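For reference, the structure is listed below as structure tokens.
Numbering (the numbering used here), first residue to last: 21 to 173.
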């Protein structure tokens, strides 16, 4: 049996789905902005993890909405593996400067030079070693809270 498709109902359903999706995203954004402000109020030395990737760009946009340009009250922290495309790091630097935000960059290569990170072979991914460099940065700057973005997929 063939059912007749009512295009008006189909269009209404698509519009409703779109509105529900936007409503959900708006709620997530509001919650993120609330948390970013709460962290600024509750901690003495927080930082926002910022790689220039899509997840951290969303967090940075929320911080911009929460505080405004030139008013983000904590530094942006990037742990650099040394394997980033220069376009990403150039954009990271540009965006931080554009917002008047302090940008702190610490590198896995520096941790390797200090001997706190040792690769098992030259081609080994440095991603797993970022945690050492991150812990070193936390100690160096005495951060008491770090925020980062991650997808829920």
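Where a beta carbon is used, it is the ideal one built from N, C-alpha and C, also for glycine.
These numbers were taken from a predicted model, which means no experiment stands behind them.
Environment of residue 21 [buried if 16+ CB atoms lie within 10 Å]: To locate residue 21, count along the chain shown from 1; it is residue 1. With a pLDDT of only 46 at residue 21, under 50, the local geometry of the prediction cannot be trusted, and the value read off the model is given with reservation. In the assembly as shown, residue 21 is an exposed residue. Its beta-carbon has fewer than 16 other beta-carbons within 10 Å.
Span separating the alpha-carbon of residue 143 from that of residue 166: Residue mapping note: residue 143 aligns to position 123 of the chain shown, counting from 1. Residue mapping note: residue 166 aligns to position 146 of the chain shown, counting from 1. A straight-line Cα-Cα distance of about 29 Å links residue 143 and residue 166.
Residue range of the beta strand (DSSP E) that includes residue 125: If you number the chain shown from 1, residue 125 lands on position 105. Element bounds for residue 125: 123–127.
Alpha-carbon to alpha-carbon, residue 107 and residue 119: The count along the chain shown starts at 1 and reaches residue 119 at position 99. The count along the chain shown starts at 1 and reaches residue 107 at position 87. Straight-line Cα distance between these residues: approximately 18 Å.
Cβ contact (3+ pairs, closer than 8 Å) linking the region 81–97 and the region 128–148: No, the region 81–97 does not touch the region 128–148.
Burial state of residue 102, where buried means 16 or more other Cβ atoms lie within 10 Å: For the purposes of this step, residue 102 is taken as residue 82 along the chain shown, with counting starting at 1. Exposure of residue 102 is indicated by the presence of fewer than 16 other C-beta atoms within 10 angstroms of its C-beta.
Alpha-carbon spacing of residue 162 relative to residue 77, whole angstroms: Counting from 1 along the chain shown, the entry for residue 162 is found at position 142. Counting from 1 along the chain shown, the entry for residue 77 is found at position 57. Taking the straight line from one Cα to the other gives about 24 Å.
Strand pairing of residue 167, partner residues [DSSP]: In the chain shown, the residue the question calls residue 167 occupies position 147. Bridge partners of residue 167: 68.
Enclosing alpha helix (DSSP H) for residue 92 [first to last residue]: The count along the chain shown starts at 1 and reaches residue 92 at position 72. Taken as a continuous stretch (DSSP letters only), residue 92 belongs to no alpha helix (DSSP H), as it is neither H nor E.
Per-residue DSSP class, three states only, for residue 97: For the purposes of this step, residue 97 is taken as the residue at position 77 of the chain shown. It is a strand residue.
Three-state secondary structure (DSSP) of residue 154: The sequence position of residue 154 within the chain shown is 134, counting from 1. If DSSP states are grouped into helix, strand and coil, residue 154 belongs with the helices.
Alpha carbon of residue 42 to alpha carbon of residue 52, nearest angstrom: Taking the chain shown and counting its residues from 1, the one referred to as residue 42 is at position 22. Taking the chain shown and counting its residues from 1, the one referred to as residue 52 is at position 32. Residue 42 and residue 52: Cα-Cα distance of roughly 15 Å.
Cα-Cα separation between residue 64 and residue 117, rounded to whole angstroms: For this step, residue 64 is matched to residue 44 along the chain shown. For this step, residue 117 is matched to residue 97 along the chain shown. Their backbone Cα atoms lie some 23 Å apart in a straight line.
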